[in-house]
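So the sequence lines, in the order shown, correspond to chains Y, U and B. So the first sequence is numbered by the working numbering: it starts at 140 and just counts up by one. So the second sequence is numbered by the working numbering: it starts at 140 and just counts up by one. So the third sequence is numbered by the working numbering: it starts at 140 and just counts up by one.
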Amino acid sequence: MDMLFEITATLVAQLQKPTLAFLIGGMVLAAMGSKLEVPTPVYKFIVLVLLLKVGLGAGISVREADLIALAVPAIAAALVGVAIVLLGSRTLARTRGVSRMDGMATAGLFGAVSASTLAAGMVMLDAEGIAYEGFIGALYPFMDIAALVTAILLARMGAARAAVAIPAGGGVATVSMGGANGDGIVREILTDTLKSPAISALLLGLAIGLLGRPEQVYASFYEPLFRGLLSILMLIMGMEAWARLGEMRKVAHAYVFYGIAGPLAHGALGFGAGLAAHYLTGFSAGGVVLLAVMAASSSDISGPPTLRAALPEANPSAYVGTSTGIGTPVAILSIPLWIALADWAIGI
Amino acid sequence: MDMLFEITATLVAQLQKPTLAFLIGGMVLAAMGSKLEVPTPVYKFIVLVLLLKVGLGAGISVREADLIALAVPAIAAALVGVAIVLLGSRTLARTRGVSRMDGMATAGLFGAVSASTLAAGMVMLDAEGIAYEGFIGALYPFMDIAALVTAILLARMGAARAAVAIPAGGGVATVSMGGANGDGIVREILTDTLKSPAISALLLGLAIGLLGRPEQVYASFYEPLFRGLLSILMLIMGMEAWARLGEMRKVAHAYVFYGIAGPLAHGALGFGAGLAAHYLTGFSAGGVVLLAVMAASSSDISGPPTLRAALPEANPSAYVGTSTGIGTPVAILSIPLWIALADWAIGI
Amino acid sequence: MDMLFEITATLVAQLQKPTLAFLIGGMVLAAMGSKLEVPTPVYKFIVLVLLLKVGLGAGISVREADLIALAVPAIAAALVGVAIVLLGSRTLARTRGVSRMDGMATAGLFGAVSASTLAAGMVMLDAEGIAYEGFIGALYPFMDIAALVTAILLARMGAARAAVAIPAGGGVATVSMGGANGDGIVREILTDTLKSPAISALLLGLAIGLLGRPEQVYASFYEPLFRGLLSILMLIMGMEAWARLGEMRKVAHAYVFYGIAGPLAHGALGFGAGLAAHYLTGFSAGGVVLLAVMAASSSDISGPPTLRAALPEANPSAYVGTSTGIGTPVAILSIPLWIALADWAIGI
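Here's what the structure looks like:
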């Protein structure tokens with residue numbers, strides 16, 4: 140009874156958080172035909188500030204971490220991020236009726252990390268008195284950026300192959316052309332991805348956070364503006380999502396299934412990778428739990444602006460809806476599962 | 140002597156406040172032919188953030204108030220807001236030489252509430268040791284939104300009737316057409332008003348404040364940015380006001396009279412409504428004073444952006460000038476009057 | 140050894156500061172062909188907020204200072220600012236291969252003041268237990284605005300003379316025309332300069348800071364946003380600087396020489412003026428040191444947005460590169476020199 144009440148309360152609390160509330164608000168406004176609009180230059184500025192903030196934060200936390208102890212879990216985190224996206228590209232993005240672009244964007248978000256879900260995991264471990272490494276926060280960018288770059292790269296490669304395939308005609312020709320020009324296409328797409336405004340801003344922030352000393356401007360400007368500008372971005376994305384919802388209705392069941400099953404499968408992946416790091420380098424049980432929580436989480440903060448800018452063709456109502464609406468509550472509700480699993484496998 | 144010095148000091152202090160100082164600064168820049176300009180997308184973003192803030196703040200304070208004790212004073216506050224606008228529409232807006240649009244916008248601002256005047260009233264009551272209900276802050280949106288919606292609705296209905304009247308020719312035809320299509324016009328205008336960017340943003344903020352939990356983003360983003368963005372909005376409005384001052388000079392005497400007499404008449408209305416609530420539900424004497432202060436005050440914060448976006452045809456030099464330049468100082472100077480009146484009518 | 144280490148550490152710390160890090164980051168992005176861009180309306184908004192902040196801060200500090208004790212050092216500061224720009228206009232701006240516009244903009248920045256260099260000087264004096272006047276902060280705007288206005292005025296006058304000269308043909312005709320219309324041109328340029336968006340915003344802030352009471356909005360909005368918006372402005376300027384670097388390479392040696400010799404010559408000018416004020420009014424030895432530090436410093440905060448808006452033709456890679464890249468580290472490294480000089484000349 141208490142359990143049921145707690146689950147319901149957690150779900151309602153998720154919906155009441157500004158991120159989701161502004162997203163829903165934007166959808167309601169669009170549904171009611173409101174004439175509210177956010178000018179494009181303002182949208183571009185918001186995305187720039189958000190991505191610089193994510194990059195700066197990641198750079199600062201990597202710089203401050205002990206790099207040697209960080210190496211193994213960081214590689215594990217990056218591999219898990221890539222694996223989640225590859226898994227999504229073989230499952231969701233190949234589902235009949237799901238556009239490859241939308242499927243890859245969704246997989247990218249589910250591979251990326253939610254800072255608030257991670258924080259919820261830390262708070263739960265603290266409450267149970269379970270210790271974990273101090274550098275856990277620095278693992279965030281490894282999984283996050285690995286997943287987003289992989290997803291954007293795969294989505295663009297798919298789009299490029301499709302563009303090549305159409306004039307070529309038959310399926311055999313397509314495959315051989317894809318094989319012949321594969322390296323050139325990958326190089327071009329990687330260059331394009333790095334030059335895209337979204338990845339440029341993210342990497343600039345990362346470099347300045349790593350090599351510079353932007354702590355003061357980060358704390359006085361980027362950090363305080365972050366949640367506020369995010370709320371306005373969510374409003375924009377909600378209005379857009381509603382305007383494009385018609386297309387999504389046909390395929391909603393695949394996204395709903397992915398939104399529920401994904402966090403559990405991804406969390407298990409993260410748990411396995413954490414367990415390997417535990418046996419290799421003595422990574423703590425608390426750290427294993429938090430790696431699972433990161434893997435189970437789907438990005439509701441860093442991911443949407445990156446994908447929105449890098450894959451403008453993808454439908455936000457698909458990826459943001461699935462991630463923020465289904466994936467995040469499921470990920471938060473599954474945290475006790477990873478704690479129980481770590482207690483069983485390692486002992487806490 | 141002390142009294143005179145205090146009044147002068149209060150007036151000078153009003154003019155030195157950023158709100159009025161930036162308004163005057165904008166007028167001076169425009170008068171000097173400065174090429175300074177604020178780009179339109181930035182203006183739209185500022186208005187969006189300001190209206191979301193006002194809505195969020197109202198929603199949060201309504202949610203936190205005791206709804207049953209709040210009901211009677213809230214209805215009283217809303218009725219007073221409507222009454223002030225109706226009074227203005229029969230007096231100022233019918234004055235020869237005052238454009239109906241400008242008159243209604245001015246009446247709307249005088250019906251709306253100034254948070255800083257209300258705060259001044261609370262500080263004076265605290266200094267005199269007079270108690271009042273804790274939920275007073277939650278009455279603000281009732282009077283504020285009721286007045287603004289009424290003013291916008293009446294102004295738009297007037298504009299629509301005028302548009303219908305011109306092709307119809309004679310006065311009799313106009314009246315009959317207004318009667319026949321009256322309901323349709325009201326419905327259309329109400330729909331248009333709700334869909335307008337200004338009211339959309341205000342209601343969105345209200346809904347999220349009421350149903351969500353935006354306290355953190357409100358405190359870290361919307362609240363701190365509010366006064367700053369308002370200062371830039373005032374600068375824009377000052378520049379615009381000067382550019383349109385030529386039209387106002389012909390009718391300035393009507394606005395000056397309304398700016399002085401309005402706060403006293405409106406305060407008396409609010410005092411009467413508060414007195415009724417006192418006899419009905421035991422509303423405190425301090426509460427009655429603050430309802431009078433709210434009614435006497437004219438909005439210098441929430442009102443201008445709403446009206447600016449909803450009634451772009453109205454002249455800011457008329458409504459902002461009358462409200463911020465004349466109405467607000469008169470309202471603040473009249474606070475001791477309502478305290479003395481409450482002492483005489485109820486006893487403190 | 141310690142000395143060498145300290146100098147290297149100071150230089151690296153300069154490069155790691157957000158101002159320079161974002162400037163370099165913007166150059167690297169542009170060099171890599173990134174498609175990142177900041178929309179023009181956002182750029183205009185950033186400049187407006189930065190200039191209002193600089194003006195407001197200056198106005199507030201002038202208002203709070205003791206005006207009589209302030210007068211002599213303030214006049215000295217303004218004269219030093221003008222002298223530095225005149226010196227630059229006779230040297231750097233006349234160097235073969237240096238465009239007059241770029242040379243004047245650079246001289247303007249070297250005449251203007253760096254708040255962070257000034258703060259470094261204050262911290263060093265505090266550490267040595269050397270006293271100085273409390274109103275020193277209020278001298279900043281006098282030197283800063285005097286230098287910027289002089290530089291903009293001279294650059295515009297030069298451009299106007301050049302425009303007149305071209306149709307006129309021969310050198311003799313140019314001189315006589317310049318002489319005949321000189322007063323008209325000066326008046327026109329002064330009017331244009333005052334009406335320019337940059338100077339309008341700066342003077343508006345100054346007036347409101349001086350006559351109004353904007354302390355609250357200054358502390359809650361303009362101050363916290365300042366460094367953050369500056370970081371984005373630096374990013375824009377870095378991208379622009381790279382795009383125009385080709386032109387600068389030919390003349391780089393002149394800028395490098397000015398960037399190294401300038402702060403030492405200007406500091407000596409400031410020291411001399413301070414010494415005169417010391418003998419005239421008893422201006423403290425600490426004050427003399429700080430006047431020298433101010434003169435040696437080159438603006439990395441207030442100057443770039445002012446010049447960027449007032450002299451859009453000037454190349455930021457010249458003036459920002461020389462000032463932030465060379466002038467500021469040299470100025471900081473020369474602070475101990477002025478302390479030693481004051482000890483020798485006055486005794487501390």
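Each residue gets a CB set at the ideal place from its N, CA and C atoms; glycine is no exception. None of the values given here were measured: they were computed from a predicted structure.
Reduced DSSP secondary structure (H/G/I, E/B, other) of residue i
i: Val224 of chain U; result: helix
i: Tyr271 of chain U; result: coil
i: Ile474 of chain B; result: helix
i: Ile485 of chain B; result: coil
i: Thr464 of chain B; result: In the sequence on display, residue 464 of chain B carries Gly and not Thr. Here Gly464 of chain B sits in helix by DSSP.
i: Asp205 of chain Y; result: coil
i: Lys156 of chain Y; result: coil
i: Gly309 of chain B; result: Residue placement at Gly309 of chain B is flagged as unreliable, the pLDDT there being 42, under the threshold of 50; a coordinate-derived value is accordingly withheld.
i: Thr234 of chain Y; result: coil
i: Ser456 of chain B; result: helix
i: Pro178 of chain Y; result: coil
i: Pro212 of chain Y; result: helix
i: Pro280 of chain U; result: helix
i: Met171 of chain B; result: coil
i: Pro353 of chain B; result: coil
i: Ala251 of chain B; result: coil
i: Ile422 of chain U; result: Residue identity differs from the one stated: residue 422 of chain U is Phe in this sequence, not Ile. Note: Phe422 of chain U maps to coil in three-state DSSP.
i: Pro451 of chain U; result: coil
i: Ser335 of chain Y; result: coil
i: Ser438 of chain Y; result: coil
Partner residues on chain B for residue i, Cβ-Cβ distance less than 9 Å
i: Pro180 of chain U; result: Pro178, Pro180, Val181, Phe184
Backbone CA spacing between residue i and residue j [nearest angstrom]
i: Ala251 of chain Y; j: Leu430 of chain Y; result: 12 Å
i: Tyr361 of chain B; j: Pro443 of chain U; result: 22 Å
i: Leu190 of chain B; j: Glu176 of chain U; result: 13 Å
i: Ala312 of chain U; j: Gly172 of chain Y; result: Annotation note: pLDDT 38 at Ala312 of chain U (below 50); position unreliable, coordinate value reported separately. Whole-angstrom Cα-Cα distance: 34 Å.
i: Leu225 of chain B; j: Ala232 of chain B; result: 10 Å
i: Asp482 of chain B; j: Phe410 of chain B; result: 12 Å
i: Val237 of chain Y; j: Ala393 of chain Y; result: 8 Å
i: Ala416 of chain Y; j: Trp477 of chain Y; result: 16 Å
i: Ile207 of chain B; j: Leu349 of chain B; result: 16 Å
i: Met263 of chain U; j: Asn454 of chain B; result: 57 Å
i: Glu267 of chain Y; j: Ser423 of chain Y; result: 15 Å
i: Ser255 of chain Y; j: Ile465 of chain Y; result: 15 Å
Partners in chain B for residue i, counting only beta-carbon separations shorter than 8 Å
i: Leu355 of chain Y; result: The question names Leu, yet the displayed sequence has Gln at residue 355 of chain Y. Residues of chain B passing the Cβ test: Pro157, Arg366.
i: Met263 of chain U; result: The contacting residues do not exist; Met263 of chain U stays about 20 Å from chain B at best.
Per-residue contacts from residue i into chain Y (C-beta, under 9 Å)
i: Ser370 of chain B; result: Leu191, Ile347, Pro353, Val356, Phe360, Tyr361
Interface residues of chain U facing residue i [CB-CB closer than 8 Å]
i: Leu350 of chain B; result: Gln155, Ala160
i: Pro336 of chain B; result: Ser173, Lys174, Leu175, Glu176
Neighbour list for residue i in chain B, Cβ cutoff strictly below 7 Å
i: Gly406 of chain U; result: Here the premise fails: no neighbours, minimum Cβ distance about 26 Å.
i: Gly164 of chain U; result: Leu343, Ala346, Ile347
Interface residues of chain U facing residue i [CB-CB closer than 9 Å]
i: Ser339 of chain B; result: Leu168, Met171, Ser173, Lys174, Leu175
Cross-chain neighbours of residue i in chain Y, by beta carbon under 7 Å
i: Leu293 of chain U; result: The premise fails here: Leu293 of chain U is roughly 20 Å from chain Y at the closest Cβ pair, so nothing lies under 7 Å.
In chain order, what residues of the segment 261-286 of chain B put their CB closer than 9 Å to some CB of chain Y? none
Closer than 7 Å, Cβ to Cβ, to anything on chain Y: give me those residues from the segment 187-220 of chain U, in chain order. Leu187
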